[in-house]
Amino acid sequence: MERPAGFAAKPEHISLFAGVTGKYPELFSILQESQRATGAATMKPLSRILSLLTRANAATAKPAALPRPGHVAFVGAGPGDAGLLTVKALNALQSADVVIHDRLVSAEILALAGRGTALIDVGKQGFGTSTAQSEINALIVHHAARGSQVVRLKGGDPSVFGRLDEEIDACDAAGIGWHVVPGITAASASAAAIGQSLTKRGRNSSLRLLTGHDMQGFADHDWRALARPGEVAAIYMGKASARFVQGRLIMHGADRATPVTLVENASRPDQRILATTLERLPADLAAWQASGPALTLFGLAPRDAATALTEIEQKQELA
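So in the UniProt record's numbering, spot 211 of the sequence shown is number 211, and the numbers just go up one at a time.
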């Protein structure tokens, strides 16, 4: 479609003129009539119309999108079964540019990250090779400072023995935004595996979440309180400290017949359950030869139905 003869459009008007007259051909006809009526001597009305349209277009145009600032999501991956991952955790994974993950996060869950997402393993292992916490903090800050959407993916729930506070402090010091996405912790998954409740009226009105070792070695706790009848505790990272825990509890009066259950790889296809007592704990654990992460439930024994189901599933896997 041609412009009216004799009209010398300014460069900034050309694209606007084409767009407007293409959308509204009746406007073009009006302008042609105006041009025929006034001749080529003047096109001031047309210029004024286009100037007004230019200003109106500038006033309503959307501003250019600003670069998205880097952000960190501290996400709980749950105990390992991808079916136990929360919807919010899945959304964070699929929109991440970088995922910095622990050793215990399953390959099944890592496979849910979006295409092109960088996966960085910063796994820690008790009394074994580990990535220094300072290095992990620096990695998180480095990628977020470059504008990346970072997921710090932790096994279980990030707030349970996950060094969450240290990593949040590093983000705060660098002025980087963050939020936390909770996950299912191993204690919950292990209790579900043995068909038990972590708390029960008439048995225990409190629950202790303990670590078997800390930065100084085997962790000390209020053993006298834990040794009372009916107490329940979930002991994380407790395989290596089993004999230490047994000795402390018996020393403070715990019943040697107190049930103790270990759940290895809770919720995963290779889950295993060991039911024992405080007295037999070290010997049975050594014979069991657990190689995966195991949570110790002190004061709980598996229900018969849960034990039978586990045995059936194991037989089916071996068949």
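C-beta atoms are modelled at their ideal positions from N, C-alpha and C, and glycine is treated no differently.
Since this is a predicted model, take the numbers as computed values, not measurements.
Whole angstroms are fine: how far does the CA of residue j sit from the CA of residue i?
| i | j | result |
| --- | --- | --- |
| residue 148 | residue 69 | 7 angstroms |
| residue 113 | residue 101 | 11 angstroms |
| residue 7 | residue 145 | With a pLDDT of 48 at residue 7, under the threshold of 50, the predicted position of this residue should be treated as unreliable, though the coordinate-derived value follows. Using only the alpha carbons, I get a separation of about 52 angstroms. |
| residue 282 | residue 246 | 8 angstroms |
| residue 305 | residue 194 | Because residue 305 carries a pLDDT of 48, less than 50, the predicted location of this residue cannot be relied on, and the following value inherits that uncertainty. Whole-angstrom Cα-Cα distance: 8 angstroms. |
| residue 121 | residue 274 | 30 angstroms |
| residue 172 | residue 89 | 22 angstroms |
| residue 159 | residue 287 | 33 angstroms |
| residue 93 | residue 154 | 12 angstroms |
| residue 300 | residue 293 | 18 angstroms |
| residue 133 | residue 200 | 37 angstroms |
| residue 252 | residue 227 | 6 angstroms |
| residue 111 | residue 202 | 44 angstroms |
| residue 289 | residue 295 | 14 angstroms |
| residue 115 | residue 95 | 9 angstroms |
| residue 221 | residue 204 | 18 angstroms |
| residue 303 | residue 248 | 27 angstroms |
| residue 137 | residue 117 | 19 angstroms |
| residue 131 | residue 167 | 14 angstroms |
| residue 83 | residue 174 | 35 angstroms |
| residue 260 | residue 161 | 21 angstroms |
| residue 254 | residue 231 | 10 angstroms |
| residue 264 | residue 276 | 14 angstroms |
| residue 258 | residue 291 | 25 angstroms |
| residue 119 | residue 87 | 20 angstroms |
| residue 225 | residue 206 | 11 angstroms |
| residue 1 | residue 176 | Residue confidence is low: residue 1 scores 47 on pLDDT, short of 50, so the model does not pin down where it sits. Its coordinate-derived value is still stated next. If I take the Cα positions, the gap works out to 53 angstroms. |
| residue 123 | residue 280 | 32 angstroms |
| residue 143 | residue 272 | 38 angstroms |
| residue 188 | residue 135 | 30 angstroms |
| residue 67 | residue 165 | 28 angstroms |
Please tell me whether residue i and residue j are closer than 8 angstroms, where the distance is taken between their beta carbons.
| i | j | result |
| --- | --- | --- |
| residue 76 | residue 229 | no |
| residue 297 | residue 191 | yes |
| residue 163 | residue 72 | no |
| residue 74 | residue 223 | no |
| residue 150 | residue 98 | yes |
| residue 197 | residue 218 | no |
| residue 185 | residue 214 | no |
List the whole-angstrom C-beta distance separating residue i from residue j, where the pair is believed to meet the contact cut-off of C-beta under 8 angstroms.
| i | j | result |
| --- | --- | --- |
| residue 256 | residue 250 | 6 angstroms |
| residue 109 | residue 85 | 6 angstroms |
| residue 170 | residue 141 | 6 angstroms |
| residue 285 | residue 262 | 7 angstroms |
So residue i is in the beta strand (DSSP E); what residue range does that whole segment cover?
| i | result |
| --- | --- |
| residue 245 | That residue, residue 245, is in no beta strand (DSSP E); its alpha helix (DSSP H) goes 242 to 251. |
| residue 295 | 294 to 298 |
| residue 154 | 149 to 154 |
| residue 121 | 118 to 121 |
| residue 259 | 259 to 264 |
| residue 73 | 71 to 76 |
| residue 326 | The displayed coordinates of the chain run from 1 to 319. Any statement about residue 326 would go beyond what the structure contains. |
| residue 275 | 272 to 277 |
| residue 374 | In the structure as shown, the chain begins at 1 and stops at 319. Residue 374 is therefore absent and cannot be evaluated. |
| residue 181 | 177 to 181 |
What are the start and end residues of the alpha helix (DSSP H) that includes residue i?
| i | result |
| --- | --- |
| residue 105 | That residue, residue 105, is in no alpha helix (DSSP H); it is neither H nor E in DSSP. |
| residue 221 | Note, residue 221: premise wrong, no alpha helix (DSSP H); not H, not E. |
| residue 164 | 164 to 174 |
| residue 87 | 87 to 95 |
| residue 136 | 133 to 145 |
| residue 285 | 281 to 288 |
| residue 82 | Note, residue 82: premise wrong, no alpha helix (DSSP H); not H, not E. |
| residue 186 | 186 to 193 |
Quick one: does residue i have its CB under 8 angstroms from some CB of chain D?
| i | result |
| --- | --- |
| residue 88 | In the structure shown, chain D cannot be found, because there is only a single protein chain. |
Quiz item: If we count Cβ pairs, one from each stretch, closer than 8 angstroms, do we get three or more for the segment 256 to 272 versus the segment 72 to 87?
Solution: yes
Exercise. May I ask you to verify whether the segment 197 to 216 touches the segment 233 to 242, counting CB pairs closer than 8 angstroms and requiring at least 3?
Key: yes
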